[in-house]
Amino acid sequence: MKKKGLSQDKKYKSELEKRFLLYWKKTGIPIATQYPFHPTRQFRFDFAFPERKIAIEIQGYGMGHASYVSMAKDYERHNEATQLGWSIYYFMGIHIKEDAIHKTIDYLIKVLKGQPINQPPPRETGAELLRRLLDGKKS
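Positions in the sequence shown are counted from 1; adding 8 to them yields our numbering.
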């Protein structure tokens, strides 16, 4: 029996979604596609991890996202999703390109694992700095 929304054979709306899924499949982590998330309306996410209420939206630029009406509908849908407890992560073509897709995938894996995303490198304490300087180490 298939889980709701976990079919990987659904039709996608865009080439960006197809490209994202192609790379995501390499992780081996199941992802729901065109996931219907709303209990009474026919709203869907491009991709989702329903058990964690984490959604991924791949935003193109053009017919579906450039008009005032379509943007207003997107905002309504996304506001409804946040009311239902979903976290939504947005990516555009620049994040799906060959030279950036691996960073995007790594970012999402950290999100799923609950790891810090942009943690600064650990800083040296004053005592550690003094010890290093006294020992004659540059860095």
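Note that the Cβ used here is the ideal one computed from N, Cα and C, for glycine as well.
In this text the structure is predicted, and so the values were computed from the model without any measurement.
Asked, Found
"Short of 6 Å in beta carbon distance, which residues of its chain neighbour residue 68, apart from the five on each side in sequence? Order them along the chain.", "22 and 24"
"Tell me, please, which residues DSSP counts as bridged to residue 57.", "62"
"Have a look at the DSSP bridge pairing and note the partners of residue 22.", "In the DSSP output, where bridge partners are listed per residue, residue 22 has none listed."
"What residue range is occupied by the uninterrupted alpha helix (DSSP H) comprising residue 95?", "Residue 95 -> not in any alpha helix (DSSP H); beta strand (DSSP E) instead, spanning 95-100."
"Going by beta carbon distance, what residues of the same chain come within less than 6 Å of residue 36, once the five residues before and after it are set aside?", "none"
"Identify, in the order they occur along the chain, each residue of the same chain with its Cβ nearer than 6 Å to the Cβ of residue 66, setting aside the five sequence neighbours on each side.", "24, 25, 28, 54 and 99"
"In whole angstroms, what separates the C-alpha of residue 57 from that of residue 134?", "44 Å"
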